[in-house]
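Protein sequence lines correspond, in order, to chains F and W. Each number in this note's numbering corresponds to the 1-based position in the first sequence with 661 added. Each number in this note's numbering corresponds to the 1-based position in the second sequence with 9 added. The beta carbon of each residue, even a glycine, is placed where N, CA and C say it ideally should be. Report on the following structure.
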Amino acid sequence: MKATIALAGNPNVGKTTLFNALTGLNQRTGNYPGVTVSWHAGTWILPDSDAELLDLPGSYSIAAHSPDEAVVQGVLRGLEGPRPDALLAIIDASNPERNLYFLSQLLDLELPTVVALNMGDVARDKGMAIDAATLARALGCRVVPVQANRREGIQALSEAMQDTLYEAKAAHGPGLPIDGPAAAEPETIRGRYLWARQKLVDSISRSAVHGLRLSDRVDRILTHKVWGVLAMVLLMGAVFQSIYAWSQPVMDLMDTGVHWLGGLLLRPIAPGILKELLANGVVAGMGSVLVFVPQIAVLFFFIAILEDCGYMARSAFLMDRLFARIGLSGRSFIPLLSSFACAVPGILSTRTIADRKERLTAMLVAPLMSCSARLPVYTIMIACFVPGRMLLGLVDQRALLLFALYALGLVVAVPVAWLVRKYMHAGAAPLFLIELPGYKWPDWRTVSRRVLEQCREFLSTAGTIILAVGIVVWALGAFPRDQARMAAFDAQRAAILAAPAGLTQTAALKQLDIDAQSDRLNHSALGWAGHAIVPAFAPLGWDWRISMAALASFPAREVVVGTLGTIFHSGGENDEGRLRDALKDAKREDGTPLFNLAVALSLMVFFALCAQCASTLAVITRESGHWGYAAFTFFYMTTLAWLGAAAIYHLTLWLGLS
Amino acid sequence: MTLDKLKDGQQATVQGLTLGSTAAVRLMEMGLFEGSPVRVLRRAPMGDPLEVQVGDYRLSLRKDEAALVRVQL
């Protein structure tokens, strides 16, 4: 039988780096049932046999205050499947006392244990040294010095683990309670720290260090009231810019690639309903899944670097006060900031928030941040219906409006988060107690693995839901189909083809295709719903065409420009100039223009606040573990969007601005 | 005197904690209990949270939690 070994340790001690060094590329990941704590397992090749190494979440205690800690305790006690055969505990030589506090709990679980003593270089830098042999004698188990980031000590660690497995001798800690109220008694905690000090007394040596360490000098700047904030603004600006700038070309390339490949694969299939399903349902659906991958990859590339080098904790430290007022903490800063690019990676990154209530709250407000998919609506509406005028000779009012739309989501998020924290996830504010680890160079293997893992997980979980939704939406827009109408268009096509070929004929055919598409959409289930829902959208100043466009963009707001093109018979999104003219020319039944400033504003505010993104809802379902959170997000955002759009519409009319 | 009242750069020794909350248990587990040396390094831009040296590492905590820690200069 293959032995199972659990790897446990404090956060920021190089546990993931060690895990990667021991298991190489041979890894699997997943989630513990019922909680959003992920597990990683890999094969560790020992001298005589292979073992299964299970990487437990980093934690400071096994007293089960958090889901992470509950999982650590559950696994080590054999409540989450068979109990591991042995334990590999990693400790930070540069901060031994607090690490030995946790180790004392681990040893009290009485599993055969090997201790990996990591970060000896940082300890030396701080003027500390720990003698592994002396510590091993004091602890009664094998202690192996390693330098995980340089892959040093790995062989010795494997040999020590092999010997420990052969002996199968349980380790012993101080024998204090590890569970229930007794574990949290001040006497127990003090007892463990005293045990830690006593175990270290012979093995540790300290010498005075002169001057400030490099890490401390860096920290002095990066957490400074002025320079720290300035550095953070610049850094976040760069991160944010890269999500846009680096992702966009790759996204466009992927989009082209998917459609090219789709076209190639579908060529042998005869035109008809199957081909349409495959082309517009499956291929387009896959395109809409893959399009998120570059943004997720870029964002997690930065998050992994920021976390690994120690900056993530500093950004939380700097921003905490702002978020504390609405019941969140500095940990929510990066997830919410990333949501301005796209809520999908933003919500995935809430995994860095330890407190579950805070994490859920951040998840619920993340989609309010104006993502890049809203920009096309803003730009086309502003370009068509908002005159360019300098305000106070300083700023173009169109730029100001665009800024206001971006700010709107943020401003609305404040009371929403506050209310959610107060009524839905009531309870004490999340405990903001975070370690500010020493700065270090990021480990590139850890970073690249994190990026790959996040992309793979997105594709396999949320991706499948998004694909399914894409197919359903295609079907709603394509069915039911009226044979008589289709026959009529076929007859017209035949008539055009009968005429002499030339430029006029090509243009006529193109227009006929657009008209046929438009006609089919109008008479599909989606078109029918657009007509049926008009009374609900009338207070927003919308007619059935705008209603249908908004309805069709509920699964993905970025399709709105293309849908408007189809509805207004102006062709797809490739012809924005024509669409602008069509929108400006559109009339209501009474002959007045369909769009004016009030209608444009109401449509923009609606798009700013509405949850028109099936992918976001799929990711919320996935990450919260319950579809109810997605349903709530959809409901509250749609309500706010409707109220906001109605308010701006009537306000604009009342002010006589239209 | 409590930890949140220390000036930036001031060194002190923990005398005890106001018990009875999860926060207090957490603080103790993180190494803040009777006899631990602590030093406030600095405060975040709006005066909260604090960056504190606890033993061999640095911890960030809010004023509310820091107020649970009684210290002596």
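Rounded straight-line distance, which links the Cα of G18 (chain W) to that of E60 (chain W): Roughly 10 angstroms separates the two Cα atoms.
Could you tell me the alpha carbon to alpha carbon distance between K1316 (chain F) and Y1310 (chain F), rounded to whole angstroms? Per the sequence shown, residue 1316 (chain F) should be read as Leu rather than Lys. Whole-angstrom Cα-Cα distance: 10 angstroms.
Straight-line gap, T884 (chain F) to M55 (chain W) (C-alpha atoms, nearest Å): Cα-Cα distance, rounded: 12 angstroms.
Roughly how many angstroms lie between the CA atoms of L1052 (chain F) and L68 (chain W), to the nearest whole one? Roughly 48 angstroms separates the two Cα atoms.
Provide the residue(s) that pair with T704 (chain F) in DSSP beta bridges, ordered along the chain. DSSP links T704 (chain F) through a beta bridge to F:E713.
Closer than 6 angstroms by C-beta to G1007 (chain F): which residues in its own chain qualify, once you throw out the five before and the five after it? Chain order, please. For G1007 (chain F), the CB contacts under 6 angstroms within the same chain, skipping 5 residues up- and downstream, are P996, S999, S1000, A1027 in chain order.
Closer than 7 angstroms at the beta carbon, the chain B residues around V34 (chain W): Checking the listed chains, one finds no chain B in this structure; the protein chains it contains are F and W.
Compare the C-beta of F1119 (chain F) with all C-beta atoms of chain W and state if any pair is closer than 8 angstroms. Taking Cβ atoms only, chain W never reaches closer than 8 angstroms to F1119 (chain F), which makes this a no.
Do you know offhand how far P955 (chain F)'s Cα is from D913 (chain F)'s? So the alpha carbons of these two residues sit roughly 10 angstroms apart.
Could you tell me whether any Cβ in chain W is nearer than 8 angstroms to the Cβ of I850 (chain F)? So, interface residue.
Rounded straight-line distance, which links the Cα of V1133 (chain F) to that of G1188 (chain F): The straight-line gap from Cα to Cα measures roughly 15 angstroms.
For the beta strand (DSSP E) containing N760 (chain F), list its first residue and its last residue. Not the beta strand (DSSP E): N760 (chain F) falls in the alpha helix (DSSP H), residues 757-768.
Which residues of chain F have a Cβ atom closer than 9 angstroms to the Cβ of T31 (chain W), listed in chain order? Correct list: H726, A845, A1089, L1092.
On the three-state DSSP scale, how would you describe V1081 (chain F)? V1081 (chain F) falls in the helix class under three-state DSSP.
Just to confirm, is the Cβ distance from V23 (chain W) to E43 (chain W) under 8 angstroms? Going by C-beta atoms, V23 (chain W) is nearer than 8 angstroms to E43 (chain W).
Find the nearest neighbour of T690 (chain F) within the set F:L683, F:T684, F:W700, judged by alpha-carbon distance. The shortest Cα separation from T690 (chain F) among F:L683, F:T684, F:W700 belongs to F:W700.
Positions along the region 52-67 of chain W whose CB lies within less than 7 angstroms of some CB in chain F: Listed in chain order, the positions of the region 52-67 of chain W with a beta carbon within less than 7 angstroms of a beta carbon of chain F are A53, P54, M55, D57, P58, E60, G64, D65, Y66, R67.
Span of the alpha helix (DSSP H), counted from its first residue to its last, around S1208 (chain F): Here the alpha helix (DSSP H) through S1208 (chain F) covers 1205-1213.
Rounded Cβ spacing between W1135 (chain F) and G948 (chain F) (contact assumed at less than 8 angstroms): That pair is no contact at about 12 angstroms.
Would a check of beta-carbon distances place I1095 (chain F) closer than 8 angstroms to chain W? At a cut-off of 8 angstroms between C-beta atoms, I1095 (chain F) counts as an interface residue with respect to chain W.
Which residues bound the alpha helix (DSSP H) around M10 (chain W)? DSSP places M10 (chain W) outside any alpha helix (DSSP H), giving it a letter other than H or E.
Assuming Y1375 (chain F) and D880 (chain F) form a contact by the criterion Cβ under 8 angstroms, report the distance between their Cβ atoms to the nearest whole angstrom. The structure shown has nothing for residue 1375 (chain F), since chain F only spans 662 to 1319.
Short CB-CB distance (under 8 angstroms) between G18 (chain W) and chain F: No, G18 (chain W) does not count as interfacial toward chain F.
Contact between the region 955-966 of chain F and the region 1140-1156 of chain F is defined here as three or more beta-carbon pairs at a separation below 8 angstroms; is this criterion met? No, they do not touch.
Any C-beta of chain F sitting closer than 8 angstroms to the C-beta of L12 (chain W)? By this cut-off, L12 (chain W) is not an interface position.
How should T1226 (chain F) be labelled, buried or exposed, when 16 other C-beta atoms within 10 angstroms of its C-beta is the threshold for buried? The sequence as given places Gly at residue 1226 (chain F); Thr does not occur at that position. The residue is buried, with at least 16 neighbouring Cβ atoms inside 10 Å.
Who are the neighbours of L77 (chain W) on chain F, taking C-beta pairs under 7 angstroms? Ordered by position in chain F, no residue passes the 7 angstroms Cβ test against L77 (chain W), which lies about 11 angstroms from the chain.
Let's see if you can read the secondary structure: which residues bound the beta strand (DSSP E) around Q81 (chain W)? In the DSSP assignment, Q81 (chain W) falls within the unbroken beta strand (DSSP E) covering 78-81.
Candidates F:H1086, F:R1020, F:A1152: closest to I1281 (chain F) by CA position: Of the listed residues, the one whose Cα sits closest to I1281 (chain F) is F:R1020.
Please report whether the beta-carbon of L82 (chain W) lies at a distance below 8 angstroms from any beta-carbon of chain F. Not closer than 8 angstroms to any Cβ of chain F, the Cβ of L82 (chain W) fails to qualify, so no.
Strand pairing of D753 (chain F), partner residues [DSSP]: For D753 (chain F), which the question treats as bridged, DSSP gives the partners F:N779.
C-beta contact flag for P745 (chain F) and I850 (chain F) at 8 angstroms: I850 (chain F) is positioned such that its CB atom lies no closer than 8 angstroms to that of P745 (chain F).
Taking contact to mean 3 or more Cβ pairs, one atom from each stretch, closer than 8 angstroms, check whether the region 890-902 of chain F and the region 928-941 of chain F are in contact. The region 890-902 of chain F, when compared against the region 928-941 of chain F, does not touch it at the 8 angstroms Cβ threshold.
Select from the region 956-986 of chain F all residues with a C-beta closer than 9 angstroms to any C-beta belonging to chain W, and list them in chain order. Of all residues in the region 956-986 of chain F, A974, R975, A977, F978, L979, M980, D981, R982, L983, A985 have a Cβ within less than 9 angstroms of some Cβ in chain W.
On the criterion of 16 or more Cβ atoms from any shown chain inside 10 Å, does W1105 (chain F) qualify as buried, or is it exposed? The residue is exposed, with fewer than 16 neighbouring Cβ atoms inside 10 Å.
Using the Cβ count rule (16 or more neighbours within 10 Å means buried), how would you classify K1171 (chain F)? With fewer than 16 other Cβ atoms within 10 Å, it is exposed.
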